[in-house]
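Working notes, beginning with the structure itself.
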Amino acid sequence: MTGPGAQLLQQVINGLAVGAVYALIALGYTMVYGIIELINFAHGEIYMMGAYAGIIILSALLALGAPLGWALIMAFLASMLLTGLYGVATERLAYRPLRGASRLAPLISALGMSIFFQQYVLLSQGARDKIFPVELSSGGFAAAGVKVSYIQAAILLVATILMAGLTAFVQRTRMGRAMRASAQDPCMASLSGVPVNSVIAMTFFIGSALAAVAGFMIAMYYGKVNYLVGYIAGLKAFVAAVLGGIGNIPGAMVGGLVLGVVESLAAGYIGGEYKDVVAFGILIAVLIARPEGLMGTRLPEKV
Amino acid sequence: MQVHPFILLPSYFILGLLKAHSLLSNRSEGTKTMSMMGRLAAFAKDNRFAAPASALFFGLLALPFMGLARASILALAVLIFRLAAIFGRVPQGLRLPHGLGRAKTFFANLPPAATSSAPLLLVALLAGMAFILDPYTLDVATTACIYALLALGLNIVVGMAGLLVLGFAAFYGVGAYAYAILNTHYGLGFWTCLPIGGGLAALFGLLLGLPTLRLRGDYLAIVTLGFGEITRITLNNWDSLTNGPNGILGVAPPSLFGFSFDHPRHYFLLALALVSISVFVLNRLDKSRIGRAWVAMREDETAAEAMGVPTLRLKLLAFSLAAFWGGVAGVFFAGKQLFVSPESFNFLESVMVLCMVVLGGMGSVPGAVLGAVLLSFLPEVLRGVEEYRLLAFGLAMVLMMRYRPSGIWPEAHRVLESREAPRG
Amino acid sequence: MAEALVLKGLTMRFQGLHALEDFDLAVHEGEIVSLIGPNGAGKTTVFNCVTGHYPPTGGEVVFMGRRLNGLPPHRITKLGLVRTFQNIRLFGSMSVLENVMVGRHCRSRAGAFSAMFALPSAALEERAIREKARALLAFVGLQDRERARAMDMPYGGQRRLEIARALAAEPRLLCLDEPAAGMNPSETGGLMELISKVRGLGVTVFLIEHHMRLVMGISDRVAVLDHGVKIAEGPPAQIQHNAKVIEAYLGQEAASAED
Numbered sequence: 001m002t003g004p005g006a007q008l009l010q011q012v013i014n015g016l017a018v019g020a021v022y023a024l025i026a027l028g029y030t031m032v033y034g035i036i037e038l039i040n041f042a043h044g045e046i047y048m049m050g051a052y053a054g055i056i057i058l059s060a061l062l063a064l065g066a067p068l069g070w071a072l073i074m075a076f077l078a079s080m081l082l083t084g085l086y087g088v089a090t091e092r093l094a095y096r097p098l099r100g101a102s103r104l105a106p107l108i109s110a111l112g113m114s115i116f117f118q119q120y121v122l123l124s125q126g127a128r129d130k131i132f133p134v135e136l137s138s139g140g141f142a143a144a145g146v147k148v149s150y151i152q153a154a155i156l157l158v159a160t161i162l163m164a165g166l167t168a169f170v171q172r173t174r175m176g177r178a179m180r181a182s183a184q185d186p187c188m189a190s191l192s193g194v195p196v197n198s199v200i201a202m203t204f205f206i207g208s209a210l211a212a213v214a215g216f217m218i219a220m221y222y223g224k225v226n227y228l229v230g231y232i233a234g235l236k237a238f239v240a241a242v243l244g245g246i247g248n249i250p251g252a253m254v255g256g257l258v259l260g261v262v263e264s265l266a267a268g269y270i271g272g273e274y275k276d277v278v279a280f281g282i283l284i285a286v287l288i289a290r291p292e293g294l295m296g297t298r299l300p301e302k303v
Numbered sequence: 304m305q306v307h308p309f310i311l312l313p314s315y316f317i318l319g320l321l322k323a324h325s326l327l328s329n330r331s332e333g334t335k336t337m338s339m340m341g342r343l344a345a346f347a348k349d350n351r352f353a354a355p356a357s358a359l360f361f362g363l364l365a366l367p368f369m370g371l372a373r374a375s376i377l378a379l380a381v382l383i384f385r386l387a388a389i390f391g392r393v394p395q396g397l398r399l400p401h402g403l404g405r406a407k408t409f410f411a412n413l414p415p416a417a418t419s420s421a422p423l424l425l426v427a428l429l430a431g432m433a434f435i436l437d438p439y440t441l442d443v444a445t446t447a448c449i450y451a452l453l454a455l456g457l458n459i460v461v462g463m464a465g466l467l468v469l470g471f472a473a474f475y476g477v478g479a480y481a482y483a484i485l486n487t488h489y490g491l492g493f494w495t496c497l498p499i500g501g502g503l504a505a506l507f508g509l510l511l512g513l514p515t516l517r518l519r520g521d522y523l524a525i526v527t528l529g530f531g532e533i534t535r536i537t538l539n540n541w542d543s544l545t546n547g548p549n550g551i552l553g554v555a556p557p558s559l560f561g562f563s564f565d566h567p568r569h570y571f572l573l574a575l576a577l578v579s580i581s582v583f584v585l586n587r588l589d590k591s592r593i594g595r596a597w598v599a600m601r602e603d604e605t606a607a608e609a610m611g612v613p614t615l616r617l618k619l620l621a622f623s624l625a626a627f628w629g630g631v632a633g634v635f636f637a638g639k640q641l642f643v644s645p646e647s648f649n650f651l652e653s654v655m656v657l658c659m660v661v662l663g664g665m666g667s668v669p670g671a672v673l674g675a676v677l678l679s680f681l682p683e684v685l686r687g688v689e690e691y692r693l694l695a696f697g698l699a700m701v702l703m704m705r706y707r708p709s710g711i712w713p714e715a716h717r718v719l720e721s722r723e724a725p726r727g
Numbered sequence: 728m729a730e731a732l733v734l735k736g737l738t739m740r741f742q743g744l745h746a747l748e749d750f751d752l753a754v755h756e757g758e759i760v761s762l763i764g765p766n767g768a769g770k771t772t773v774f775n776c777v778t779g780h781y782p783p784t785g786g787e788v789v790f791m792g793r794r795l796n797g798l799p800p801h802r803i804t805k806l807g808l809v810r811t812f813q814n815i816r817l818f819g820s821m822s823v824l825e826n827v828m829v830g831r832h833c834r835s836r837a838g839a840f841s842a843m844f845a846l847p848s849a850a851l852e853e854r855a856i857r858e859k860a861r862a863l864l865a866f867v868g869l870q871d872r873e874r875a876r877a878m879d880m881p882y883g884g885q886r887r888l889e890i891a892r893a894l895a896a897e898p899r900l901l902c903l904d905e906p907a908a909g910m911n912p913s914e915t916g917g918l919m920e921l922i923s924k925v926r927g928l929g930v931t932v933f934l935i936e937h938h939m940r941l942v943m944g945i946s947d948r949v950a951v952l953d954h955g956v957k958i959a960e961g962p963p964a965q966i967q968h969n970a971k972v973i974e975a976y977l978g979q980e981a982a983s984a985e986d
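Chains as they are written, first to last, in this note's numbering: chain A, 1 to 303; chain B, 304 to 727; chain C, 728 to 986.
What follows is the structure in structure tokens.
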């Protein structure tokens, strides 16, 4: 049975799976913005590199004869680590030297890093799609005309676990507290003995590692990636972050899911080619009507 | 396996950055830290380990992407560079190339009569070149002029007013499509369309600016980026008006008093005239009350507003003027190519123009032209390694911000610089 | 004397924090009125509400008989109410002269078009702006530094430059936010003279200051804020002996001694 109700539900589920991926990327934007007030344009590229790293490492492990399950887990973790380090290196080389410079300088530097990474992957890996090395089961759970594929379920599960883990990390641990302190007031935090530089590096590491997870899972979901995917996904995730209120961690999660669902519904009912227009329309509408986001609070700018 | 030198080049640049940074960073920073991260940072700072550690670090980062052989060579290059940097000196900032620096002093010391007539002489000289150079070079020079128009426009909003606009190609596209559509559908001529295209783009700028200019600078960057994408997607899909991805063919070339433009020389002369007028006009604007208010706004928006500068209105003005120049460049582009398609107005085009402005010197009118000319002729010089062009552009933007944020030809008096010395 | 500025029941709350509560004050034309109080008492908040940087949560700001609530800062400046900032906010990379010239923006009118096409009116106006700016630099004693970059100026010079820039907008009321902060005694003495000279131009001065010798030396009247509430108002001699004022300051010192 596929009535209109089931079709709607199916679109919502597809949207949630993609939205969970947006949310994971959006977390990186939001965490970095929360601490150093920089829109890290290179973050979309970090996500793309995470997907590439995952596929390359997985292929290598499979070629070495590792069993599929282990290879998947190892590739997953290795791509998180590697991509996280890329994030740390980016901060260290392109952003940290510009602290205290004019506001435009880090933004332009970030844009430069983004182009650099895109070209770096293009030149080292070629322009053709990178294919996920294993054909994963296309089966899933189905009921009442609505189908949830195993991969969609895995995406939702992993994203939920990671978000819960991140929330616990930020709320409960020493490093998490240091992060929140630095986000409130980096100068004061540094005076109270918080090593702000390490906290910023850690923020980039976590954000980039989460983006790598997103990349790896999207590669599983679609079976391939391309060096250009970072640009548009990065933009979408940014929209998600703004939607939830930039700098706000739960906001980024909600924003990602909302954006995924809205986009999926728009693609289903309006037409696929205008999907991106819908996302940007949301961005502009949110920025104009409620710039603090759905879950943010408005503060007057300090004079 | 053969390693292309252009893979190594970027790594040298990155390492230069790294080394210069670690020289500057404060060594006495508290190492009594709580986590692995702190200890790792301390470890990386220790000079005995720094060189091999960073070599290993970059080698590992590059390994999955570049393969074992290239990654090893990269690591080796890192090692050599860092060891060399311990013994040698690493430049802390990029100075002007000798020739250019000397040329600037030369011009600065000329008597006023000579400096005021120098630009005219230069234009006359370039116009004379049009009769000597071969058609191919003239064609490249014309493209350089189009980019100069775009860079001059973007410089108004990014350089002078300090608003990062990332979707500038949209205005370029509006101008180009305005001419293509008005010409093929309604038979309007080039000269009529030049102000119409500019004006239409300015109107677009105004419409985009009105709701978004209250936003903080970094939001604005993203919104303009999104706007650029929306424009391109619309051009791609609005088949009845734009003929979709196939573009519009058969645009008429410009003509003047019955004389039709059909040689690269004609186009070059026209483009040169447009650029010359723009430089003249924008130079005036830069030194006027309006230009001053823009720079004040860029430096400190709150203070500018408190001093009686209507910041919102001035932002709109910057936006629409910049868009106007983008539109004019677009009309000219359509008149030269005789064909337009959405792909000419994508994000990379916006980035390229931004790169020209940054390289030339944000806020500097001659800088914008210089940046456009340099980056337009660069691919011609670097034949055979063109695919590394964008890589180099990205890197150049990062390096310029780090070492010479004011560009090759910084704006007079006001230099875009860090407010305080960079900290570690 | 006519009232230049009247604040009626001015109130500012930030998410439940009462920064300013029901504040009344009148500043008469030609007066120097000072606003003092311990750190965090809400003095700068008064300025921010008056000059349009914060929309007040309640109350009214009336300047020369005109209600200012809801006007953007640049309009308020154009009406003749100009401020300086506690943390100096100059246009760092512009020259000293250009900084003052920006202050003339609201008193000049050449638009983009006339500037681009070098119309004679624009050129004339530009020359007038430059002359006026030079005169103001001479007025504050910075005539020799006009080509220096603002951010390269010494601290005291930056304070004076900010005053010159504000004067360029032809204020009828000048709000100075802690102009003596960070100055040495001789600089403070010079500043006192400068403020008196400014009053001599017929400009009313509304001053926030911590430096008591300066406040008591030049003010006609002093208002005291503590925790967002006005606790006293009167001539300097009277304020110096007001029990509430002494308590507010000593209480604060006692509290900070415990820290």
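Using N, Cα and C, we set each Cβ at its ideal position, and we do this for glycine too.
Is any beta-carbon of chain C found at less than 8 Å from that of D437 of chain B?
-> In the second sequence, residue 437 of chain B corresponds to position 134, counting from 1. The beta-carbon of D437 of chain B is placed no less than 8 Å from the nearest beta-carbon of chain C.
Return the CA-CA distance between R707 of chain B and N40 of chain A, expressed in angstroms with no decimal places.
-> Here residue 707 of chain B is taken as the residue at index 404 of the second sequence, counted from 1. Here residue 40 of chain A is taken as the residue at index 40 of the first sequence, counted from 1. N40 of chain A has its alpha-carbon roughly 21 Å from the corresponding atom of R707 of chain B.
Whether V788 of chain C touches F933 of chain C by CB criterion (8 Å) | The residue labelled residue 788 of chain C in the question sits at position 61 within the third sequence. The residue labelled residue 933 of chain C in the question sits at position 206 within the third sequence. For the pair V788 of chain C and F933 of chain C, the CB atoms are not nearer than the 8 Å cut-off.
Would you say L287 of chain A reaches chain B, if we count a Cβ-Cβ gap shorter than 8 Å as a contact?
-> Counting from one through the first sequence, the residue named residue 287 of chain A turns up at place 287. Taking 8 Å as the threshold, the shortest C-beta distance from L287 of chain A to chain B falls below it.
Tell me whether E960 of chain C sits in a helix, a strand or coil according to DSSP, three-state version.
-> One-based indexing of the third sequence puts residue 960 of chain C at position 233. Of the three classes helix, strand and coil, the one that applies to E960 of chain C here is strand, per DSSP.
On the three-state DSSP scale, how would you describe G786 of chain C?
-> The residue given as residue 786 of chain C occupies position 59 in the third sequence. DSSP, read as helix, strand or coil, puts G786 of chain C in strand.
Chain B partners of K770 of chain C, CB-CB under 7 Å?
-> Here residue 770 of chain C refers to the residue found at position 43 of the third sequence. The premise fails here: K770 of chain C is roughly 17 Å from chain B at the closest Cβ pair, so nothing lies under 7 Å.
Compare the beta carbon distance of L641 of chain B and P556 of chain B with 8 Å and say whether it is the shorter of the two.
-> Indexing the second sequence from 1 puts residue 641 of chain B at position 338. Indexing the second sequence from 1 puts residue 556 of chain B at position 253. The Cβ atoms of L641 of chain B and P556 of chain B sit closer than 8 Å to each other.
Quickly, what does DSSP pair A950 of chain C with across the bridge? List them, please.
-> Locating residue 950 of chain C in the third sequence gives position 223, counting from the first residue. Residue pairing by DSSP places A950 of chain C opposite C:L762, C:E960 in a beta bridge.
What is the DSSP secondary structure of M739 of chain C, reduced to helix, strand or coil?
-> Sequence index remark: in the third sequence, residue 739 of chain C carries index 12 (1-based). DSSP places M739 of chain C within a strand segment (E or B) once states are collapsed to three.
Beta-bridge pairing of H745 of chain C - partner residues as DSSP gives them = Locating residue 745 of chain C in the third sequence gives position 18, counting from the first residue. BP columns for H745 of chain C point to C:R740.
Residues near L122 of chain A in its chain [Cβ-Cβ closer than 7 Å; skip 5 each side] = Residue numbering aside, residue 122 of chain A sits at position 122 when the first sequence is read from its first letter. If we look at L122 of chain A and ignore the five residues flanking it on each side, its Cβ neighbours are Y227.
Inter-stretch contact at 8 Å, needing at least 3 Cβ pairs: the stretch 653-665 of chain B / the stretch 462-477 of chain B | Because the criterion of three Cβ pairs below 8 Å is met, the stretch 653-665 of chain B and the stretch 462-477 of chain B touch.
Among C:P765, C:G764, C:Y781, the one whose alpha carbon lies nearest that of T772 of chain C | Counting from one through the third sequence, the residue named residue 772 of chain C turns up at place 45. Comparing Cα positions, the closest option is C:Y781.
To the nearest angstrom, how far is it from the Cα of S623 of chain B to the Cα of G785 of chain C?
-> One-based indexing of the second sequence puts residue 623 of chain B at position 320. One-based indexing of the third sequence puts residue 785 of chain C at position 58. Answer to the nearest angstrom: the Cα atoms are 37 Å apart.
Compare the C-alpha of A849 of chain C against each of B:T537, B:G664, B:R692, B:R587 and name the closest.
-> Here residue 849 of chain C refers to the residue found at position 122 when the third sequence is read from its first residue. The option with the nearest alpha carbon to A849 of chain C is B:R587.
Please report the residue range of the beta strand (DSSP E) in which K147 of chain A lies.
-> Taking the first sequence and counting its residues from 1, one reaches residue 147 of chain A at position 147. Counted as a single uninterrupted DSSP element, the beta strand (DSSP E) harbouring K147 of chain A occupies residues 146-149.
Looking at the C-beta of M369 of chain B, does it have a partner C-beta in chain A at a distance below 8 Å?
-> Taking the second sequence and counting its residues from 1, one reaches residue 369 of chain B at position 66. The beta carbon of M369 of chain B sits closer than 8 Å to some beta carbon of chain A.
Reduced DSSP category for R705 of chain B - H, G, I as helix; E, B as strand; rest coil = Reading the second sequence from its first residue, position 402 is the one you call residue 705 of chain B. In the three-state DSSP reduction, R705 of chain B falls in the helix class (H, G or I).
Give me the Cα-Cα distance between G630 of chain B and V477 of chain B, rounded to the nearest whole angstrom.
-> For this step, residue 630 of chain B is matched to residue 327 along the second sequence. For this step, residue 477 of chain B is matched to residue 174 along the second sequence. When rounded, the distance between both Cα atoms is 6 Å.
Based on the DSSP secondary-structure assignment, which residues constitute the bridge partners of I935 of chain C?
-> Residue 935 of chain C sits at position 208 when you count from the first residue of the third sequence. The partner list for I935 of chain C (beta bridge, DSSP) reads C:L762, C:D904.
Have a look at the DSSP bridge pairing and note the partners of E730 of chain C.
-> Taking the first residue of the third sequence as position 1, residue 730 of chain C is located at position 3. In DSSP, E730 of chain C forms a bridge with C:H755.
Count the other C-beta atoms from every protein chain shown that fall within 10 angstroms of the C-beta of P898 of chain C, then say buried if there are 16 or more, exposed otherwise.
-> To locate residue 898 of chain C, count along the third sequence from 1; it is residue 171. Buried.
Below 8 Å on the Cβ atoms is my guess for A483 of chain B versus T804 of chain C; work out the distance and round it to an integer in Å.
-> Translated into the one-based positions of the second sequence, residue 483 of chain B becomes position 180. Translated into the one-based positions of the third sequence, residue 804 of chain C becomes position 77. Incorrect: roughly 46 Å between the Cβ atoms, too far for contact.
Compare the C-beta of N528 of chain B against all C-beta atoms of chain A and say whether one is closer than 8 Å.
-> Here residue 528 of chain B refers to the residue found at position 225 when the second sequence is read from its first residue. Correcting the residue type first, residue 528 of chain B is Leu in the shown sequence and not Asn. Closer than 8 Å to some Cβ of chain A, the Cβ of L528 of chain B qualifies, so yes.
In three-state DSSP terms, what is A997 of chain C?
-> With chain C covering 728 to 986 only, the question about residue 997 of chain C has no answer from this structure.
Which whole-angstrom value is the C-beta distance of M828 of chain C and R857 of chain C, which I expect to be below 8 Å?
-> As a working note, residue 828 of chain C is residue 101 in the third sequence. As a working note, residue 857 of chain C is residue 130 in the third sequence. Between the beta-carbon of M828 of chain C and that of R857 of chain C there is about 7 Å, and that keeps the pair under the 8 Å contact cut.
Measure the beta-carbon distance from A606 of chain B to F844 of chain C and round it to whole angstroms, keeping in mind my assumption that it falls under 8 Å.
-> Here residue 606 of chain B is taken as the residue at index 303 of the second sequence, counted from 1. Here residue 844 of chain C is taken as the residue at index 117 of the third sequence, counted from 1. Not quite, the Cβ-Cβ distance comes to about 30 Å (not below 8 Å), so this is no contact.
Skipping 5 residues on each side, what residues in its chain have a beta carbon closer than 7 Å to that of S820 of chain C?
-> Position 93 of the third sequence, counted from the start, is the residue given in the question as residue 820 of chain C. The answer, listed in chain order, is R876, M878.
Under the rule that 16 or more other beta-carbon atoms within 10 Å means buried, what is F169 of chain A, buried or exposed?
-> Start at 1 with the first residue of the first sequence, and residue 169 of chain A comes out as number 169. An exposed status is given to F169 of chain A, since fewer than 16 other beta-carbon atoms sit within 10 Å of its beta-carbon.
Are A893 of chain C and G838 of chain C close, meaning C-beta to C-beta below 8 Å?
-> Working through the third sequence from its first residue, we reach residue 893 of chain C at position 166. Working through the third sequence from its first residue, we reach residue 838 of chain C at position 111. Against a cut-off of 8 Å, the Cβ pair of G838 of chain C and A893 of chain C comes out as no contact.
If we count the other Cβ atoms within 10 Å of its Cβ and call it buried at 16 or more, is S149 of chain A buried or exposed?
-> Indexing the first sequence from 1 puts residue 149 of chain A at position 149. Around the CB of S149 of chain A, 16 or more other CB atoms lie within 10 Å, so the residue is classed as buried.
Can you list the beta strand (DSSP E) stretches of 3 or more residues lying completely in the stretch 623-665 of chain B, in chain order?
-> Correct list: empty.
Among A:L294, A:V196, A:Y95, which residue has its Cα nearest to the Cα of R174 of chain A?
-> Your numbering for residue 174 of chain A matches position 174 in the first sequence. Across the set A:L294, A:V196, A:Y95, the C-alpha of A:V196 shows the shortest separation from the C-alpha of R174 of chain A.
Between R886 of chain C and L864 of chain C, what straight-line distance do the alpha-carbon atoms span, to the nearest angstrom?
-> For the purposes of this step, residue 886 of chain C is taken as the residue at position 159 of the third sequence. For the purposes of this step, residue 864 of chain C is taken as the residue at position 137 of the third sequence. Near 12 Å, if we compare the C-alpha coordinates of L864 of chain C and R886 of chain C.
Would you please verify whether the beta carbon of S109 of chain A is less than 8 Å from any beta carbon of chain B?
-> As a position in the first sequence, residue 109 of chain A is number 109, starting the count at 1. At least one chain B Cβ lies under 8 Å of S109 of chain A.
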